[in-house]
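Chains as they are written, first to last, in full-length UniProt numbering: chain R, 1 to 428; chain U, 1 to 261. Presented below is the structure to which this report refers.
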């Protein structure tokens, strides 16, 4: 009966049903995103390696963030050299999942379904790692860390569990000659420290433990001085470090390759280990430093430090980011190496007159990549784009900080050699 | 315009016959300055019969705000200003709870949703993500090789901008007012259309698990011209137009020199 008049339109509008998509108590969801090289299984998505449908092709590289479905909220993640560990601080029996390379049992013993006596060498899906806990329903896993072929799991009341390759004593137990690590059930437990361990860090073939009292213990390979114990030999029992950090309350330790950095509560930076790439050139000309040395940088109070294979990055209290070392450092293609920290301009992280309160909150390092998280939850990456690990969607190296588009607010990120894992919270 | 005093008529020197001094009859040629008859207003006619007026960036029928026009020789400056690719600033008003087919509040209703779970914090998070992805698009469409040192220096200064054709890019968004169900945003953008901004309001509503329509789009700045330079309807007369042209001349010249060199 003719076109509807304004009054009829208004009445129809008021009578229309109202849909509710999110109630008042809608919570933000926690998700995990992965990207990088997938053939090792480190991304945890089996259909990339063994497609489950005939038309799908195996995906060698995932260039942009891809959602990984997990059963529990993941509170800590670590990327090793071709494998990943995810940990949740739940009280359930299953607290840690692992995926990727398992040739040295760095993911524990994963019983093969085809042959009950053998274990899997490549784990394509996040599989639970059985830990020999005394009170499995009370202990919580605080943090995990992965090195080249070994991994460390930190619990709140039962010390540190180590598994994987022990040819250099990096698992904290005596080196057994001709030990076969593949398919091994052995998970070693470390409890003898001066106080509770609050942070575990894996270097390439060594392990660092930071205790509540502020002291640092190390074990593993020491040919580059990365154990910091004053010699270049292997250590198979965690031993306390002295040198310039004796008596200093260390609040953070970091390592990924053969160089180590420690940050004290006063904002000083200490370093030891490999210095072939000018990482410790500010204190010494030698290429190896086997005792922790204080690095006299005049950049302000340091809040966080991260070590990569050839480059180092620190974050100061006022939110500035400094890089030094060798490689793509993030200040354009002209800056290849420097022994003195150089600041990355905050405007590259989105800070401008329009939004002046953007600050970098965390810094992380992979083997030749850097990642920075801002207080708004944005993730910036730069460095060598090895097999798509930067997550930018392109395969080229990135010479200055570039945003990674993640559908959510990035809470934490773990960088590996050729893949990265991020813990993200959805927006609404 | 035609009533204003025009150019003075050209003068010429002609030799006119004039009576010779002393003695009638003999005629002498005397030089005299006389106006050229061809320049006489009755011969020439009115000075302006048509005016060439060109328009700057488009403005919708449903939108309002600054609209740049060029008159006469100013049309050439219009093309130069277009090639400068300067950002435009809009205030966009939105309303939560409704979704329509043309994204504005005058369209046909598609859906109604609840919106009481929306907070200013959630909205600002979404705006931060929009800014982030558009910043990436800004760098990608500017067609500069990311591997060079000069790309790094421009990125540090924030001067990278697409200098050719590109899809709409938003350089900055900010929430000015937030009072459920209404909100107002300030958007700085490049190469956009007003319908794109309305679509963006709709998509913000979808991201927040609700729906939104756009109630108002107002351009408050177009390159160098702001609302203060613009003439409202009541001042559309010759005097104010001439004043406005003079005031903006310097600004336009400096901007063109800075960008196009």
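The beta-carbon is built from N, C-alpha and C at its ideal position, and this holds for glycine as well.
Assigned with DSSP and collapsed to three states, residue 240 of chain R falls in strand.
Among the residues of chain R, those whose CB is under 7 Å from the CB of residue 111 of chain U are 19, following chain order.
Residue 91 of chain R and residue 136 of chain U do not touch by the CB rule: their CB atoms are close to 41 Å apart, not below 8 Å. Taking 8 Å as the threshold, the shortest C-beta distance from residue 331 of chain R to chain U falls below it.
Taken atom to atom, the span from the alpha-carbon of residue 63 of chain U to that of residue 117 of chain U is near 30 Å.
With a minimum length of 4 residues, the unbroken runs of alpha helix (DSSP H) contained wholly in the region 10-89 of chain U fall at 41-44 and 74-84. Not a single CB atom of chain R sits nearer than 8 Å to the CB of residue 193 of chain U. Between the C-alpha atoms of residue 332 of chain R and residue 53 of chain R there is a straight-line separation of about 43 Å.
Residue contact with chain R for residue 210 of chain U: present (Cβ-Cβ distance below 8 Å to some residue of chain R). With a threshold of 8 Å between beta carbons, residue 216 of chain U makes no contact with chain R.
With a threshold of 16 other beta carbon atoms within 10 Å, residue 274 of chain R meets it and is buried. Taking a C-beta distance under 8 Å as the contact criterion, residue 89 of chain U and residue 186 of chain U qualify as a contact pair. When secondary structure is reduced to three states using DSSP, residue 93 of chain U falls in the strand class.
When only Cα atoms are considered, residue 215 of chain U and residue 188 of chain U end up about 18 Å apart. Taking C-beta atoms as the reference points, residue 278 of chain R and residue 325 of chain R count as a pair closer than 8 Å.
Under DSSP, residue 337 of chain R shares a beta bridge with R:326. For residue 409 of chain R, the residues of chain U that pass the 8 Å Cβ criterion are 125, in the order they occur in the chain.
Closer than 7 Å at the C-beta level to chain U, one finds no residue of the region 61-87 of chain R. The way I'd put it, the region 13-20 of chain U doesn't touch the region 401-419 of chain R; fewer than three beta-carbon pairs between them come closer than 8 Å.
With contacts defined by Cβ atoms closer than 8 Å, residue 317 of chain R and residue 350 of chain R do not form a contacting pair. Residues of chain U with a Cβ closer than 7 Å to the Cβ of residue 22 of chain R are, in chain order, 117 and 209. Using beta-carbon distances, residue 88 of chain U does not count as an interface residue toward chain R, since no partner is under 8 Å. The DSSP-derived three-state label of residue 251 of chain U is helix.
Distance between residue 2 of chain U and residue 65 of chain U, taken at the CA atoms: about 30 Å. The alpha-carbon separation between residue 65 of chain R and residue 408 of chain R amounts to approximately 11 Å.
With 16 or more other CB atoms across the displayed protein chains lying within 10 angstroms of its CB, residue 384 of chain R is buried. With 16 or more neighbouring CB atoms inside 10 Å of its own CB, residue 378 of chain R falls in the buried class. Listed along the chain, the chain R residues whose CB falls inside 9 Å of the CB of residue 202 of chain U amount to none; the nearest CB is some 14 Å away. A direct Cα-Cα distance of roughly 45 Å separates residue 70 of chain R from residue 12 of chain R. At a beta-carbon threshold of 8 Å, the residues of chain U lying near residue 348 of chain R are 155 and 156, ordered along the chain. At a cut-off of 8 Å, the C-beta of residue 146 of chain U has a neighbouring C-beta in chain R. When the alpha-carbon of residue 249 of chain R is set against those of R:211, R:256 and R:239, the nearest one is in R:211. If you draw a 10 Å sphere on the C-beta of residue 217 of chain U, you find 16 or more other C-beta atoms in it, and that means buried. The Cβ of residue 233 of chain R sits no closer than 8 Å to any Cβ of chain U.
The residues 28, 30, 408, 409 and 411, in chain order, have a CB closer than 6 Å to that of residue 425 of chain R in the same chain once the five nearest residues on each side in sequence are set aside. Positions of the beta strand (DSSP E) runs, each at least 3 residues long and wholly inside the UniProt repeat "RCC1" (158-213) of chain R, are given as 160-164, 188-190, 197-202 and 206-211 in order along the chain.
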